[in-house]
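Asks: Position one of the sequence shown corresponds to residue 3 (the numbering used here), numbered consecutively onward. The beta-carbon is built from N, C-alpha and C at its ideal position, and this holds for glycine as well. All values derive from a computational prediction rather than experimental measurement. Please see the structure below; I have some questions.
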Amino acid sequence: MRLFRLHGSVRGSFGTAVLFLIASACAASQLSEPISPIVAEPISPADMPIVELGEKLFNSTLLSGNMDQSCASCHDMKHLGGSDGRPKSIGTPGHPGRRRTPSIFNVSNNFVQLWDGRAATLEDQIESAIYDKSVMNSDWKTVLERLNTDPALRALFDSAYGAEANAENVKDSIAAYERTLTTPGSRFDRYLEGDDTAITLDELRGYQLFKQYGCASCHQGVNVGGNMFQPLGIIGEPGAYFRENPGATSLDQGRFEVTGDVADKFVFRVPSLRNVALRPPYFNDGSVPTLDLAVQLMGRYQLGRSLDDNDVKLIVKFLGTLTGSHRGVPLDESGKHP
Ligand code: HEC
Ligand code: HEC
Numbered sequence: 003m004r005l006f007r008l009h010g011s012v013r014g015s016f017g018t019a020v021l022f023l024i025a026s027a028c029a030a031s032q033l034s035e036p037i038s039p040i041v042a043e044p045i046s047p048a049d050m051p052i053v054e055l056g057e058k059l060f061n062s063t064l065l066s067g068n069m070d071q072s073c074a075s076c077h078d079m080k081h082l083g084g085s086d087g088r089p090k091s092i093g094t095p096g097h098p099g100r101r102r103t104p105s106i107f108n109v110s111n112n113f114v115q116l117w118d119g120r121a122a123t124l125e126d127q128i129e130s131a132i133y134d135k136s137v138m139n140s141d142w143k144t145v146l147e148r149l150n151t152d153p154a155l156r157a158l159f160d161s162a163y164g165a166e167a168n169a170e171n172v173k174d175s176i177a178a179y180e181r182t183l184t185t186p187g188s189r190f191d192r193y194l195e196g197d198d199t200a201i202t203l204d205e206l207r208g209y210q211l212f213k214q215y216g217c218a219s220c221h222q223g224v225n226v227g228g229n230m231f232q233p234l235g236i237i238g239e240p241g242a243y244f245r246e247n248p249g250a251t252s253l254d255q256g257r258f259e260v261t262g263d264v265a266d267k268f269v270f271r272v273p274s275l276r277n278v279a280l281r282p283p284y285f286n287d288g289s290v291p292t293l294d295l296a297v298q299l300m301g302r303y304q305l306g307r308s309l310d311d312n313d314v315k316l317i318v319k320f321l322g323t324l325t326g327s328h329r330g331v332p333l334d335e336s337g338k339h340p
């Protein structure tokens, strides 16, 4: 489909009429869209005990070395879009986190895990979280001893796996729970599925700009991101982004820390933009407080474009349509229900 420059010449009532035509054309030709809707997959009855156990473990402090935090302490699934709202993770006593806690809604749709992709699967991520000093700071021996001396948990392991807790089934159940953390039903997905009234005209214009500027060359697919690695700061000399933005932390060299390849300096997995409006601050170091600023910086350092304020506002409006629902409750409402 042809991309339209919607800002500037196409304005006013004539522009509005044109936009309605574009709106219908877009809904009709969703196959060519760079973003695809999240498909809600019901949990099979056979998997239910495994998922329920995984959710219990996710919320259990028995997994942390000094039993003072659970996975949910940092990944708040009720209030903060699956993140913690802090610029950098709180870490554990004596071992502060180095990066911002990412949202784990829709994680199973990312091609690798963590900002630098050093975990290939959800199970690998859990393995590293148990030992990581700034996450659980523990080890399997300690964790399994605790889980297997808790009668209620033993019963749950028995009904889910017919066995006591071991490293494999702990990872399997938490990962199974994480795979259920999808957020279908966003207004944008409804639009993609053919409901032209699901988003406003401004939001549609924002989406057109998102495609037209080239944002969708990196933020695409079902997670609107999460399917490739890209450097932070492609435009200009290497490292210009960090020099020109004093709050940004160049100490984190991203994927270079995993591969040792100079070409991977400051390369990160492109983050998903699902539910992005709910979880400031932004970027891997949490140095960007607002979505407006994140969009401006992206234009400048990823695309070499200076976005005017109106275009930024429209793109931010579009990003707001990516907020979905979990277990039937819209994420922007879920904090209001205890
Ligand atoms: C102290 C805070 C903290 C705790 C506790 C914690 N996490 Fe995280 N989590 C983080 C941070 C920070 C990252 C990003 C680290 C990185 O990329 O280097 C992360 C990343 C992740 C990711 C990858 C998300 C993505 O987008 O790549 C998953 C999945 C995850 N955590 C699940 C868990 C699970 C399961 C537990 C419990 C076993 C847990 N976390 C405990 C802070 C925490
Ligand atoms: C060349 C690839 C690329 C392009 C093009 C691109 N981005 Fe990004 N985007 C990234 C990467 C990589 C990050 C992660 C930066 C970091 O935190 O280190 C990111 C981060 C973001 C974030 C912050 C997300 C978060 O959770 O912290 C937003 C919002 C965003 N991009 C929106 C946009 C918009 C809007 C455009 C178009 C104006 C755009 N991006 C263009 C690669 C790209």
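Please list the terminal residues of the continuous alpha helix (DSSP H) segment that includes ARG302.
Replies: Per DSSP, ARG302 belongs to the alpha helix (DSSP H) from 293-305.
Asks: In angstroms, rounded to a whole number, what distance separates the CA positions of GLU205 and GLY187?
Replies: If I take the Cα positions, the gap works out to 16 Å.
Asks: Based on Cα-Cα distance, which residue from GLY87, ASP86, GLU170 and ASP198 lies nearest to LEU124?
Replies: Closest by alpha carbon: GLU170.
Asks: Cα separation between PHE258 and ARG329?
Replies: Whole-angstrom Cα-Cα distance: 38 Å.
Asks: Quick one: is LEU253 buried, meaning 16 or more other Cβ sit within 10 Å of its Cβ, or exposed?
Replies: Exposed, because fewer than 16 other Cβ atoms sit within 10 Å of the Cβ of LEU253.
Asks: Helix, strand or coil: which one does DSSP assign to ARG271?
Replies: Three-state DSSP puts ARG271 in a strand.
Asks: Output yes or no for whether 8 Å exceeds the beta carbon distance between ALA2 and LEU146.
Replies: Given a span of 3 to 340 for the chain in the structure shown, any question on residue 2 remains unanswerable.
Asks: Thinking C-alpha only, which one of PRO104, ASP191 and VAL172 is nearest SER272?
Replies: Looking at the sequence itself, residue 272 is Val, so the reference to Ser does not match. For the residues PRO104, ASP191 and VAL172, the minimum Cα distance to VAL272 belongs to PRO104.
Asks: Quick one, are the C-beta atoms of THR225 and ASN112 less than 8 Å apart?
Replies: The sequence shown places Asn at residue 225, not Thr. It is a contact, given that the beta carbons lie within the stated cut-off.
Asks: Counting along the chain, where does the beta strand (DSSP E) carrying GLN232 start and finish?
Replies: Looking at the DSSP string, the run of the beta strand (DSSP E) that includes GLN232 is 231-233.
Asks: Can you tell which of GLY306, ASN229, VAL318 and GLU246 has its C-alpha closest to the C-alpha of SER110?
Replies: For the residues GLY306, ASN229, VAL318 and GLU246, the minimum Cα distance to SER110 belongs to ASN229.
Asks: Quick check: the Cα distance between LEU333 and THR325, rounded to an integer number of angstroms?
Replies: C-alpha separation (whole angstroms): 7 Å.
Asks: Express the C-alpha separation of ASP313 and ALA42 in angstroms, rounding to a whole number.
Replies: Those two C-alpha atoms are separated by around 32 Å.
Asks: Going by DSSP, what residues sit across from GLY119 in a beta bridge?
Replies: In DSSP, GLY119 forms no bridge with anything.
Asks: Looking at the structure shown, is VAL331 part of a helix, part of a strand, or coil, going by DSSP?
Replies: If DSSP states are grouped into helix, strand and coil, VAL331 belongs with the strands.
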